[in-house]
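Last residue of the sequence shown: number 664 in UniProt numbering, and the count goes up by one each step with no gaps.
The beta carbon of each residue, even a glycine, is placed where N, CA and C say it ideally should be.
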Amino acid sequence: MHEPSSNIQSVLQENRLFPPFANWCSTAAVPNHDAYEELCAEANRDYEGFWARLARENLDWYQPFTQTLDESEAPFYKWFADGKLNASYNCLDRHVKAGNGNKVAIRFESDAGVVTILTYNDLLRRVSKTANALKSLGMVKGDRAIIYMPMSIEGICMMQACARLGVIHSVVFGGFSSKALNDRIVDIGAKLVITADEQTRGGKNLPLKSTVDEALTMGGCEAVEHVLVNRRTGGYDKMQEGRDVWLEPLVEKQLAKCEPTWVEAEHPLFVLYTSGSTGSPKGVQHSTGGYLMWATQTMKWTFDLRPNDVFWCTADIGWITGHTYITYGPLSAGATQIVFEGIPTYPDSGRFWKMIDDHGCTIFHTAPTAIRSLIKASEMDDKVHPKNYNLSTLRILGSVGEPINPEAWMWYYKNVGGSRCPILDTFWQTETGGNMIAPMPAAIALTPGSCTLPLPGIQAAIVDEAGHDVENGQGGLLVIKRPWPSMIRTVWNNPERYKSGYFPEELGGKYYLAGDGAVRHVDTSYFQIMGRIDDVLNVSGHRLGTMEIESACVSHPLVAEAAVVGKPDSVTGEAICVFIVLKRETPVGEEAKQIANEIRDWVRKEVGPIARPKEIRFGDNLPKTRSGKIMRRLLRSLAKGEEITSDISTLENPGILEQLKQSL
Ligand code: WTA
């Protein structure tokens with residue numbers, strides 16, 4: 001396990017507490033600490049009864065469930081299994097039926113600043129037409145569709161339309177390469193790929209459809225019958241006869257009514273690929289009932305959502321945060337939300353603050369990386385500092401995806417929240433479906449840099465390698481001791497990997513292993529996440545497996561060996577540092593720089609821009625044990641520029657360390 005970094009140490013010594021004080025606290029969904037304790041006690045008294053109540057309160061069921069939790073095939077748990085429902089019905093129809101059809105569902109702002117407003121009535125019409133379009137292409141319940149689209153109304157409608165038909169969607173982030181896209185199309189066995197001609201970000205048009213074309217030539221895509229293309233920029237119009245179909249004319253001619261397909265609660269709503277410590281990305285499979293219940297409930301508990309709130313989560317639909325806190329949670333909870341196509345730094349780094357001001361945003365949820373980059377930008381240019389905008393509508397701020405350091409937390413708290421708004425540091429994962437450890441804003445006092453306490457019903461704990469609880473103040477493995485409704489159901493196509501990866505025998509086979517190290521504060525028992533215990537990096541909140549990057553590196557003709565480690569970075573949290581052995585002599589000077597750039601671009605093309613290494617170092621070899629294992633611990637120290645003081649007696653070739661110390 002990683003040693004707690006100096007940052008973690010500083011958080012553990014962090015004793016500042018910010019008790020809830022906002023004037024809206026008394027009317028919050030969970031108004032005080034006692035109410036939080038009462039919910040936790042309810043879950044402890046009657047675990048299944050607690051979850052059954054939430055499932056009934058949060059969702060409309062076509063056929064009510066009679067059984068709550070089925071553990072007969074643990075760890076393949078089933079929740080609400082004999083109930084039937086439809087996710088899109090819960091996100092749209094039920095609000096229209098309740099008389100809220102004219103409420104604004106989405107305030108979409110394009111990269112260029114054009115705003116489109118859709119009510120729940122509008123959205124239901126569009127999703128129904130889109131679902132009918134999918135039907136006309138032969139898509140039925142259980143089929144799989146890959147969605148490779150920009151942040152757009154079309155993207156959200158497409159996910160909803162799949163859900164309406166029981167089609168299992170798998171969204172691939174628009175920044176992934178054709179190779180990464182091909183892997184996912186093949187693994188999921190997609191019958192349909194949905195994309196756009198191009199995407200627009202930061203004033204630039206970037207390819208999508210041409211990447212799909214390339215991915216489909218790579219083999220293994222025989223199941224793909226059609227490619228559905230949204231015309232976004234008009235910049236690419238090569239279509240393959242018989243296979244490719246333009247989205248708009250097809251949707252246009254459909255009826256605006258589409259009966260939802262009722263599915264079993266356990267029917268997979270989607271599969272989302274994420275990086276693991278070994279091998280290829282894994283397809284995290286989520287259910288319809290349990291997932292949607294928690295997406296909805298956490299909108300009310302974590303974000304204290306109210307009818308007049310204007311919610312904004314800045315994530316992309318290509319990640320889990322975009323699934324739960326854009327496509328499903330806010331709509332199921334009946335919220336008005338802002339959806340943004342672009343990036344925080346275009347046309348300038350005041351974009352987020354301007355949009356909060358323009359749209360009257362009340363709940364703003366973003367990633368620490370974005371905050372840190374905007375802090376830097378406002379230090380360089382006072383005009384983009386949040387103080388220049390009216391942010392008085394804000395009442396709650398959120399942070400997600402990576403640890404937020406106390407300095408960034410305080411800046412966010414003071415300069416964006418005007419020292420009035422609680423900051424919710426939400427810890428969770430692709431696999432958990434929704435927030436797990438996060439403060440309820442009116443119930444929990446905040447400490448900068450801590451995600452505080454588990455939400456009611458979530459049995460989070462910290463254990464040692466043998467599965468025994470550790471004491472406060474001691475680091476260990478973060479586990480969840482009991483199954484919960486929104487948890488991952490399996491790894492698509494690979495149940496064995498699900499079982500061994502998440503429910504390891506060493507811990508007794510019953511605890512869900514999150515893959516993060518954590519420690520609880522001695523006094524408050526608050527959780528502090530220490531970062532991944534496996535070889536997964538978190539770069540700007542994006543999960544990347546070191547293995548994926550290493551295999552991309554060694555596929556370069558010049559590269560013999562590569563080892564990837566993370567290195568702390570003041571903006572992106574972690575940055576990718578690669579140690580490389582070439583098949584030829586080790587380059588120096590200008591030549592080394594040139595080859596390093598070539599390899600960077602290669603990785604960018606193989607995996608995607610998010611995987612482009614920040615630093616590359618060359619050596620004649622890598623530090624290895626006598627049995628040939630790469631000593632990553634040493635590489636991590638080298639990358640950080642630390643003196644190596646630890647024991648290197650097992651190292652076969654100590655001389656190599658001197659050479660690898662040099663950065664280019
Ligand atoms: C990390 C994103 C510290 C953690 C929702 C986890 C965090 C991984 C936090 C999951 C947080 C997420 N504080 N670390 N508040 N939230 N992480 O699957 O290492 O993209 O295991 O889900 O991000 O990343 P994923």
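**Request:** Could you tell me if L92 is buried or exposed, where buried requires 16 or more neighbouring beta carbons within 10 angstroms of its beta carbon?
**Result:** Translated into positions along the sequence shown, residue 92 becomes position 92. With 16 or more other Cβ atoms within 10 Å, it is buried.
**Request:** Could you name the residues that DSSP lists as bridge partners for T426?
**Result:** Locating residue 426 in the sequence shown gives position 426, where the first residue counts as 1. Note: T426 sits in a beta bridge opposite V400.
**Message:** Out of R232, T200, D197, I188, which one is the CA nearest neighbour of V224?
**Reply:** Here residue 224 is taken as the residue at index 224 of the sequence shown, counted from 1. The option with the nearest alpha carbon to V224 is I188.
**Asked** Buried or exposed: A145, going by 16 or more other Cβ atoms within 10 Å of its Cβ?
**Response** Start at 1 with the first residue of the sequence shown, and residue 145 comes out as number 145. Its Cβ being crowded by 16 or more others within 10 Å, A145 is buried.
**Prompt:** Assuming L455 contacts W319 under a Cβ cut-off of 8 angstroms, what Cβ separation, rounded to an integer in Å, is found between them?
**Reply:** As a working note, residue 455 is residue 455 in the sequence shown. As a working note, residue 319 is residue 319 in the sequence shown. Actually they are not in contact, since the Cβ atoms of L455 and W319 sit about 20 angstroms apart, beyond 8 angstroms.
**Request:** Spell out a yes or no on whether the region 293 to 308 and the region 558 to 574 are touching, meaning 3 or more CB-CB pairs, one atom from each, closer than 8 angstroms.
**Result:** no
**Asked** Excluding sequence positions up to five away, which residues of its chain have a Cβ less than 6 angstroms from the Cβ of A514?
**Response** Indexing the sequence shown from 1 puts residue 514 at position 514. Within the same chain, A514 has close Cβ partners L478.
**Request:** Check whether the region 357 to 366 touches the region 154 to 173, counting contact only when three or more Cβ pairs, one atom from each stretch, lie closer than 8 angstroms.
**Result:** no
**Burial state of G414 (16 or more Cβ within 10 Å)** = For the purposes of this step, residue 414 is taken as residue 414 along the sequence shown, with counting starting at 1. Here residue 414 turns out to be Lys, not Gly, going by the sequence shown. Exposed, by the Cβ-count rule.
**Prompt:** Can you name the start and end residues of the beta strand (DSSP E) that I616 belongs to?
**Reply:** Looking up residue 616 in the sequence shown gives position 616. Note, I616: beta strand (DSSP E), 615 to 618.
**Asked** Which partner residues of Q337 appear in the DSSP bridge assignment?
**Response** In the sequence shown, residue 337 corresponds to position 337, counting from 1. Looking at the DSSP assignment, Q337 forms a beta bridge with I106, F311.
**Request:** Have a look at the DSSP bridge pairing and note the partners of F364.
**Result:** Taking the first residue of the sequence shown as 1, we reach residue 364 at position 364. Beta-bridge pairing links F364 to W312, L397.
**Request:** Please name the residue, chosen from Y148, V581, I610, P485, that lies closest to A596 on a Cα-to-Cα basis.
**Result:** Sequence index remark: in the sequence shown, residue 596 carries index 596 (1-based). Per the Cα distances, V581.
**Request:** Determine which residues share a DSSP beta bridge with N388 and list them.
**Result:** Here residue 388 refers to the residue found at position 388 of the sequence shown. Paired residue(s): none; N388 is not in a bridge.
**Prompt:** According to DSSP, what are the bridge partners of Y148?
**Reply:** The residue you call residue 148 lines up with position 148 of the sequence shown. T195, per the DSSP bridge assignment.
**Item:** Beta-carbon spacing of W79, G289 below 8 angstroms
**Value:** As a first step, residue 79 must be located in the sequence shown, where it is residue number 79. As a first step, residue 289 must be located in the sequence shown, where it is residue number 289. Contact: yes.
**Cβ pair G83, Q63 closer than 8 angstroms** = Against the sequence shown, residue 83 aligns to sequence position 83. Against the sequence shown, residue 63 aligns to sequence position 63. Yes; because the gap between Cβ atoms is below 8 angstroms, this pair is in contact.
**Item:** Straight-line gap, S349 to H365 (C-alpha atoms, nearest Å)
**Value:** Walking along the sequence shown from the start, residue 349 turns up at place 349. Walking along the sequence shown from the start, residue 365 turns up at place 365. About 17 angstroms.
**Message:** What does the Cβ neighbour count give for P344, buried or exposed, with the cut at 16 atoms within 10 Å?
**Reply:** Numbered from 1 along the sequence shown, position 344 holds the residue referred to as residue 344. So P344 ends up on the buried side.
**Message:** What would DSSP say about W262, mapped onto helix, strand or coil?
**Reply:** Translated into the one-based positions of the sequence shown, residue 262 becomes position 262. Three-state DSSP puts W262 in coil, outside helix and strand.
**Request:** Whole angstroms is fine: what's the gap from L657's alpha carbon to P623's?
**Result:** The residue labelled residue 657 in the question sits at position 657 within the sequence shown. The residue labelled residue 623 in the question sits at position 623 within the sequence shown. Rounded to the nearest angstrom, the two C-alpha atoms are 7 angstroms apart.
**For P249, the three-state DSSP class (helix, strand or coil)** = Here residue 249 refers to the residue found at position 249 when the sequence shown is read from its first residue. It is helical.
**Message:** Closer than 8 angstroms is the cut-off here; do at least three beta carbon pairs connect the region 536 to 556 with the region 480 to 487?
**Reply:** no
**Request:** Count the other CB atoms, across all protein chains shown, that sit within 10 Å of the CB of V140; report buried if there are 16 or more and exposed otherwise.
**Result:** Stepping through the sequence shown from its first residue, residue 140 is reached at position 140. Exposed is the call here.
**Prompt:** Cα separation between E3 and V284?
**Reply:** Within the sequence shown, numbered from 1, the residue matching residue 3 stands at position 3. Within the sequence shown, numbered from 1, the residue matching residue 284 stands at position 284. A caution first: E3 carries a pLDDT of 40, below 50, which makes its placement in the model unreliable, though a value can still be read off. Looking at the two C-alpha atoms, the distance is approximately 29 angstroms.
**Item:** Residue span of the alpha helix (DSSP H) that contains C221, given as start and end
**Value:** Walking along the sequence shown from the start, residue 221 turns up at place 221. No alpha helix (DSSP H) contains C221, which DSSP labels as neither H nor E.
**Request:** Check L664 in the structure and name its three-state DSSP category.
**Result:** Numbered from 1 along the sequence shown, position 664 holds the residue referred to as residue 664. In this structure, L664 counts as coil in the three-state DSSP scheme.
**Item:** Buried or exposed (CB count within 10 angstroms, at least 16 for buried), M436
**Value:** Numbered from its first residue, the sequence shown carries residue 436 at position 436. So M436 ends up on the buried side.
**Asked** Looking at C-alpha atoms only, which residue of D60, T546, K282, V96 is the closest neighbour of V603?
**Response** Residue mapping note: residue 603 aligns to position 603 of the sequence shown, counting from 1. Here the closest residue by C-alpha is T546.
**Message:** Helix, strand or coil for V564? Go by DSSP, reduced to three states.
**Reply:** Residue 564 sits at position 564 when you count from the first residue of the sequence shown. It is a strand residue.
**Message:** Strictly by DSSP, which residues pair up with C577?
**Reply:** Position 577 of the sequence shown, counting from 1, holds the residue named residue 577. BP columns for C577 point to V565, E615.
**Prompt:** Between which two residues does the alpha helix (DSSP H) carrying A41 extend?
**Reply:** Counting from one through the sequence shown, the residue named residue 41 turns up at place 41. Residues 33 to 45.
**Asked** Secondary structure at N472, three-state DSSP: helix, strand or coil?
**Response** Indexing the sequence shown from 1 puts residue 472 at position 472. Coil at N472, not helix or strand.
**Request:** Have a look at I648 and G655 and give me their C-alpha separation to the nearest angstrom.
**Result:** Stepping through the sequence shown from its first residue, residue 648 is reached at position 648. Stepping through the sequence shown from its first residue, residue 655 is reached at position 655. If I take the Cα positions, the gap works out to 11 angstroms.
**Request:** Would you kindly work out how many angstroms separate the C-alpha atoms of D244 and P268, rounded to a whole number?
**Result:** Here the question's residue 244 lines up with position 244 in the sequence shown. Here the question's residue 268 lines up with position 268 in the sequence shown. Distance between the alpha carbons of D244 and P268 is about 27 angstroms.
**Where N102 falls, given that 16 or more other Cβ within 10 Å makes a residue buried** = Here residue 102 refers to the residue found at position 102 of the sequence shown. Under this definition N102 is an exposed residue.
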